[in-house]
Amino acid sequence: TPLGPASSLPQSFLLKCLEQVRKVQADGAALQERLCATHKLCHPEELMLLGHALGIPQAPLSSCSSQTLQLMGCLHQLHSGLSLYQRLLQALAGISPELAPTLDMLQLDVTDFAISIWQQMEDLGLAPAVPPTQATMPTFTSAFQRRAGGTLVASNLRSFLEVAHRALRHFAKP
Amino acid sequence: LEECGRISLPASTVRLGDSITASCTVSPNCSRLGSEAQILWKLETEPQPGERQRRLEDGSQESTITLPPLHHPRALLSCCLRWENTLQILDQAELVAGYPPAAPHNLSCLMNLTTNSLICQWEPGPDNHLPTNFTLKSFRSRGNCQTQEEPIPDCVPKDAESRCSIPRKHLQLYQNMGIWVQAENALGTGKSPELCLVPMDVVKLEPPTLWALAPSPEVAPPQPGCLLLRWELWKPSLYIDQKCELRHQPQLGEASWALVGPLLSQTLQYELCGLLPSTAYTLQMRCVRWPLPGQWSDWSPSLILTT
Amino acid sequence: LEECGRISLPASTVRLGDSITASCTVSPNCSRLGSEAQILWKLETEPQPGERQRRLEDGSQESTITLPPLHHPRALLSCCLRWENTLQILDQAELVAGYPPAAPHNLSCLMNLTTNSLICQWEPGPDNHLPTNFTLKSFRSRGNCQTQEEPIPDCVPKDAESRCSIPRKHLQLYQNMGIWVQAENALGTGKSPELCLVPMDVVKLEPPTLWALAPSPEVAPPQPGCLLLRWELWKPSLYIDQKCELRHQPQLGEASWALVGPLLSQTLQYELCGLLPSTAYTLQMRCVRWPLPGQWSDWSPSLILTT
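Line by line, the protein sequences are chains A, B and C.
Quick note, the first sequence lines up with residues 24 to 197 if you use the numbering used here.
Quick note, the second sequence lines up with residues 4 to 310 if you use the numbering used here.
Quick note, the third sequence lines up with residues 4 to 310 if you use the numbering used here.
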């Protein structure tokens, strides 16, 4: 089976990652709740067209999905996906005064999670020497576009984390 | 990046009850529906009929709509597009409605000798539903505030308080100054009537302190039906000439206050007579700057003595 | 303006118990006594004998004195001149004495999930009689704080508090960081022992909330000698895997606490048995991050239930 030796990853690293996934999920949910309560943007499906126009990139997690689960590939994709979301969240700066604290917290936790994975890959000598090509960030030209972008990014991040959480739980199984 | 849809409004703030005409321009490649993209408007969650749509030279579609009179201070306007049987939001704008600020009223000021500042307060007037900035403006003047000499820096109240305190360094305590409050929001400005005052004439005195004079070798015990008293002015106001007033009433029963005054502001010993014997009396005192103009202090805390 | 008299000191701050040599230069025209002006020294109000006086080329007089060891943190030194049988003060200098700061100790830190900041506190050590600045310094580190990666901005406590809180934006919650306190005054610096910690491993959890489970259609009433309970983790810590402990004791009497644990951190219903029938029990619960490292929360407020 494509499964790499799950045991090559320290249990404490996997437990920390699981905790960090849940922390980022909680932050993401908080951002979605506030976007809905404060700006009435509650349904990402209403913003698909705008999302296409803005060109919000998605992060692939094929090596973490159950059919093609592959440990090291999954770690790489997890790290580049988190780096992408960190940059997307940064591009949303100025979303609105009410949401700024929630957005900052989410961005800090996503950054922390990306660093945890990067350092573990370095410790295993698996960190890619050449940084992966970076997707171009959308430019948001109005407060509304930042809020709509925030709703779409939070929704995409939620699905990304669900896949990551399932994979990490699988790797952490003793 | 191509602008997908953009709402434009004549003004983001209008008067409550006014109606507003908005337009939304949708660029061709965003809608990917070719020319016949159907633009729809929503106010909060209510679809708004009656929009007029036209094609511009550059191929984008422009929809214009005149909304019904606004009766809510805040409303969210959405420009949408029907796409694969979903309603896609392309842009949103928050409509803000309210009134120009009423003129603030009941402006009054007191000179506080503890903080050494002139503290003014006012009534802001009815809520106009808009973010409104209040500023206390003042200027020095020779005559009765008809001519304006040097302006005094604006006094900006702390978060939405209806009071502001002008620090000592901006004040000339014995000169006339004109003071008014200005309220400003997106729809206009309101100005309170102007006060013309001399800070020292509006000093707020703290009441004097009243003591009973205990009989002692130097102090003979009081006559029957009399009480021996002493009082001291509020320390920070010792430099101000004042006159005082004493009021007393039997502690029990319904008798109203009896007033004694004017009394000198400084006495070491005062005998109050003409009272009912062996009766408990409640005594209070207050003082005012005198003969120069001033404001009466509050009545002092009660002193209870028995004849 | 011609300098009249000027005291010069090697240093304005010395160690308590040290002695200090000061000099005072008096310009000729100031003293108007011609050459033989008699310079005198006073420490606070005490005249100080033993000064040595000499004339400089420019005609001014210079007096030098070695003061006795200083035993007061503050002392006023005056350079004076006898003039028309008065003692004229020409210059004054404040002598400041104290000790270099002791190394702060008992440094401890907790990660606060409500304020999302790492709050550290320490013991400043004995009073050194000098204005002393405390700074909480920290740096990020990969290993066990042997190597220093990026430094973290200094944390300066609010007016003389012996605690400081490092905001979330300067923290990496799952990485090692080295932390110490530096004390600094005019006479030197003191450095506390260094802590090496991971913020998430020192999270301070608030206790869970304990509830009685009221019997309802879905919930059968408890067996005799049993109690039906429910608890919920502190909301901001829901994402942290935890284990919990329950302790109980009969409300009356001297029985000590009985401990039940480890308990899962999430249960909708728990039956606690083995208790005395129809007895009032005091129940408390606490939780800790587990299996990852963490600190026990305090015990929850008591829940009193009767079997």
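For glycine and all other residues, C-beta sits at the position ideal for the given N, C-alpha and C.
Start and end residues, beta strand (DSSP E) containing residue i
i, result
"Trp44(B)", "Ile42 to Leu46"
"Glu108(C)", "In the sequence on display, residue 108(C) carries His and not Glu. Looking at the DSSP string, the run of the beta strand (DSSP E) that includes His108(C) is His108 to Asn115."
"Ala261(B)", "Ala261 to Leu267"
"Pro156(C)", "Pro154 to Cys158"
"Cys276(B)", "Neither: Cys276(B) is in no beta strand (DSSP E) and is coded neither H nor E."
"Cys123(C)", "Ser120 to Glu126"
"Leu90(C)", "Thr89 to Gly101"
"Trp302(B)", "Counting along the chain, Trp302(B) falls outside any beta strand (DSSP E), and DSSP gives it neither H nor E."
"Glu65(B)", "Gln64 to Thr69"
"Asn136(C)", "Asn136 to Ser144"
"Thr310(B)", "Per DSSP, Thr310(B) belongs to no beta strand (DSSP E) and is neither H nor E."
"Ala25(C)", "Thr24 to Val29"
"Glu6(B)", "Element bounds for Glu6(B): n/a, residue is neither H nor E."
"Leu286(C)", "Ala283 to Arg292"
"Gln51(B)", "Glu49 to Gln51"
"Ser81(C)", "Arg77 to Trp86"
"Thr16(B)", "Thr16 to Arg18"
Residue from the options whose Cα sits closest to the Cα of residue i
i, options, result
"Val99(B)", "Asn32(B), Asn188(B), Arg55(B) and Pro225(B)", "Asn188(B)"
"Asp301(B)", "Ile307(B), Ser168(B), Arg289(B) and Cys123(B)", "Arg289(B)"
"Leu80(B)", "Ser144(B), Ser15(B) and Asn115(B)", "Ser15(B)"
"Gln254(B)", "Arg145(B), Thr150(B), Gly8(B) and Thr310(B)", "Thr310(B)"
"Asn119(C)", "Arg292(C), Leu232(C) and Pro202(C)", "Pro202(C)"
"Ala283(C)", "Gln252(C), Gly181(C), Gly297(C) and Leu262(C)", "Gln252(C)"
"Leu230(B)", "Leu236(B), Ala217(B) and Lys238(B)", "Ala217(B)"
"Leu275(C)", "Val263(C), Trp237(C), Pro134(C) and Gln269(C)", "Val263(C)"
"Ala82(A)", "Leu73(A), Leu105(A), Lys63(A) and Ala76(A)", "Leu105(A)"
"Lys161(C)", "Thr138(C), Glu6(C), Ser268(C) and Leu176(C)", "Thr138(C)"
"Ala40(B)", "Arg55(B), Leu46(B) and Glu47(B)", "Arg55(B)"
CB-CB length for residue i against residue j, believed under 8 Å
i, j, result
"Ala105(C)", "Asn136(C)", "About 14 Å separates the two Cβ atoms, so there is no contact after all."
"Ala116(A)", "Pro161(A)", "Wrong, their Cβ atoms sit about 13 Å apart, outside the cutoff."
"Glu65(C)", "Ser26(C)", "6 Å"
"Cys340(C)", "Gly181(C)", "Beyond the ends of chain C as shown, which are 4 and 310, falls residue 340(C); an answer cannot be given."
"Gly53(B)", "Thr28(B)", "With a Cβ gap of about 18 Å, Gly53(B) and Thr28(B) do not count as contacting."
"Trp305(C)", "Leu279(C)", "According to the sequence shown, residue 305(C) is Ser rather than Trp. Not a contact, Cβ separation roughly 18 Å."
"Leu107(A)", "Leu175(A)", "Not really, about 13 Å apart at Cβ, beyond 8 Å."
Start-to-end residues for the alpha helix (DSSP H) that takes in residue i
i, result
"Cys40(A)", "Gln34 to His62"
"Leu98(A)", "Leu94 to Ala114"
"Glu185(A)", "Ala166 to Ala195"
"Met128(A)", "Ala123 to Asp146"
"Gly74(A)", "Met71 to Leu77"
Between the CA atoms of residue j and residue i - distance to the nearest angstrom
i, j, result
"Ile10(B)", "Pro103(B)", "25 Å"
"Pro28(A)", "Ser88(A)", "Note that Pro28(A) scores a pLDDT of 48, beneath 50, so its modelled location is shaky and nothing firm can be said."
"Asn32(B)", "Gln95(B)", "19 Å"
"Gln91(C)", "Arg85(C)", "6 Å"
"Ser168(B)", "Ile122(B)", "4 Å"
"Val186(A)", "Cys83(B)", "32 Å"
"Asp157(B)", "Lys140(B)", "5 Å"
"Lys194(B)", "Val184(B)", "6 Å"
"Thr125(A)", "Glu49(B)", "29 Å"
"Pro120(A)", "Arg169(A)", "12 Å"
"Pro25(A)", "Leu92(A)", "Below a pLDDT of 50, predicted positions are generally treated as unreliable, and Pro25(A), at 41, falls in that range; the measurement from the model is reported next regardless. The straight-line gap from Cα to Cα measures roughly 6 Å."
"Trp234(B)", "Ser240(B)", "14 Å"
"Asp244(B)", "Arg292(B)", "6 Å"
"Ser22(B)", "Leu73(B)", "6 Å"
"Ile155(C)", "Phe142(B)", "49 Å"
"Cys97(A)", "His188(A)", "11 Å"
"Met114(C)", "Val205(C)", "6 Å"
"Gln298(B)", "Asn147(B)", "20 Å"
"Pro225(B)", "Trp214(B)", "14 Å"
"Leu174(B)", "Cys247(B)", "28 Å"
"Leu32(A)", "Leu308(C)", "47 Å"
"Leu4(B)", "Leu149(A)", "No answer about Leu4(B) holds up, because its pLDDT of 45 lies below 50 and its placement is not dependable."
"Tyr273(C)", "Glu257(C)", "26 Å"
"Pro296(B)", "Val159(C)", "51 Å"
"Pro151(A)", "Ser103(A)", "11 Å"
"Glu164(B)", "Leu110(B)", "13 Å"
"Cys40(A)", "Leu43(B)", "45 Å"
"Ile172(A)", "Val133(A)", "According to the sequence provided, residue 172(A) is Gly. The question's Ile does not apply to it. Roughly 17 Å between the two C-alpha positions."
Residue i CB to nearest heavy atom of the ligand SAM below 7 Å
i, result
"Ser120(C)", "Of ligands this structure carries none, so the ligand SAM is not represented either."
| message | Just to confirm the assignment: which complete alpha helix (DSSP H) runs, minimum length 4, are found wholly within the stretch 170-252 of chain B? | response | none
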